[in-house]
């Protein structure tokens, strides 16, 4: 994998951990997630006005990905309602690289070398191990966390194929995110009504910023997948749990145990093998 792709993907991982921390810290996470999607929609539509239309080959994948992203949003919000960041986040993110590698092999014909495959496995094992407490995986939101991982795998492979068919990573990203950003508020209004969405709340600005971070982070990932194996990019992206652990330690008062540090070391080794 090219060194510049590695650096960009790691930067996206940092951004991803940041917006997830903002979401987890919100009082009403469904509302916060929807405001994030509004930010994504506004910026994406504004950028789309200056870009050429998306190629016909990419539209089908963009629409499917937008729907999958809404499912991901709903499952992620539900996961955080029953579990904390330190457990739910690693399970959701750790389960996706192997799923993406398998799906990319089946649907996109990708082949990954043994070294990179070992790295993907190490990253996944290290990430999931962060979710254990005293040798037990006691997570009330486990089904939703695993479901979130499945949605991540589904939209990542969809976007990986779509961006290659479109031949224009930026254009594909912008249009897909615009569709996604419009769909999520529509779902929220269907569940709670327009008044609930449009009522001003103290966390609006932070949620809006979180949306911008998520847009930038995923735009970088789609660009990376246009020129590198999807499974390897995904595994590198999921090192965001390292940044989440540090954010939790320095800003949220969470503990950083020896077990967590060992898991982080396993993830780091896997990252090196992928690179």
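Numbering (the numbering used here), first residue to last: 36 to 310.
For every residue, glycine included, the Cβ atom is placed at its ideal position computed from N, Cα and C.
| task | Quick one: grab the DSSP three-state call for residue 123. | result | Against the chain shown, residue 123 aligns to sequence position 88. DSSP places residue 123 in helix when its eight states are reduced to three.
| said: Short of 7 Å in beta carbon distance, which residues of its chain neighbour residue 239, apart from the five on each side in sequence? Order them along the chain. | reply: Numbered from its first residue, the chain shown carries residue 239 at position 204. Closer than 7 Å at Cβ, skipping near neighbours: 70.
| query | Under 9 Å between the Cβ atoms of residue 241 and residue 101? | reply | Here residue 241 is taken as the residue at index 206 of the chain shown, counted from 1. Here residue 101 is taken as the residue at index 66 of the chain shown, counted from 1. Not a contact, by the Cβ cut-off of 9 Å.
| Nearest neighbour of residue 139, chosen from 127, 304, 152 [CA to CA] | Start at 1 with the first residue of the chain shown, and residue 139 comes out as number 104. Cα-wise, what sits closest to residue 139 is 152.
| request: Would you list, in sequence order, the uninterrupted alpha helix (DSSP H) runs of no fewer than 4 residues that lie entirely inside the stretch 36-88? | output: 38-59, 64-83
| Could you check where the alpha helix (DSSP H) with residue 215 kicks off and where it finishes? | As a position in the chain shown, residue 215 is number 180, starting the count at 1. 204-227 is the span of the alpha helix (DSSP H), which, as asked, contains residue 215.
| query | Within 10 angstroms of its Cβ, does residue 91 collect 16 or more other Cβ (buried), or is it exposed? | reply | By 1-based counting over the chain shown, the position of residue 91 is 56. Exposed, by the Cβ-count rule.
| task | Taking only the alpha-carbon atoms, compute the straight-line gap between residue 157 and residue 188 and give it to the nearest angstrom. | result | Residue 157 sits at position 122 when you count from the first residue of the chain shown. Residue 188 sits at position 153 when you count from the first residue of the chain shown. Spanning the two alpha carbons is a distance of roughly 17 Å.
| request: Leaving aside the five residues before and after residue 278 along the sequence, list all residues of the same chain whose C-beta is less than 7 Å from its C-beta, in chain order. | output: Here residue 278 corresponds to residue number 243 of the chain shown, with the count starting at 1. Same-chain partners within the cutoff: 48, 49, 52.
| said: Mapping the DSSP letters down to three states, classify residue 94 as helix, strand or coil. | reply: As a first step, residue 94 must be located in the chain shown, where it is residue number 59. Residue 94: helix per DSSP, three-state reduction.
| On the premise that residue 111 lies in contact with residue 183, defined as a C-beta separation below 8 Å, what is that separation, rounded to the nearest angstrom? | For the purposes of this step, residue 183 is identified with residue 148 of the chain shown, where counting begins at 1. For the purposes of this step, residue 111 is identified with residue 76 of the chain shown, where counting begins at 1. Their Cβ separation, rounded to whole angstroms, is 5 Å, which keeps residue 183 and residue 111 in contact under 8 Å.
| field | Through-space distance from residue 214 to residue 198, alpha-carbon basis | value | For the purposes of this step, residue 198 is identified with residue 163 of the chain shown, where counting begins at 1. For the purposes of this step, residue 214 is identified with residue 179 of the chain shown, where counting begins at 1. Looking at the two C-alpha atoms, the distance is approximately 15 Å.
| said: One question on the structure: do residue 237 and residue 73 come within less than 9 Å of each other, judged by their Cβ atoms? | reply: Translated into the one-based positions of the chain shown, residue 237 becomes position 202. Translated into the one-based positions of the chain shown, residue 73 becomes position 38. No; because the gap between Cβ atoms is not below 9 Å, this pair is not in contact.
| Own chain residues within Cβ distance below 6 Å of residue 159, not counting five before or after | As a first step, residue 159 must be located in the chain shown, where it is residue number 124. Contacts found: 129, 132, 133.
| request: For residue 194, count neighbouring C-beta atoms within 10 Å of its own C-beta (all shown protein chains included) and say buried if the count is 16 or more, exposed if not. | output: The sequence position of residue 194 within the chain shown is 159, counting from 1. Residue 194 is buried by the Cβ-count criterion.
| field | N- and C-terminal bounds of the alpha helix (DSSP H) containing residue 236 | value | As a working note, residue 236 is residue 201 in the chain shown. Here residue 236 belongs to no alpha helix (DSSP H), and DSSP marks it neither H nor E.
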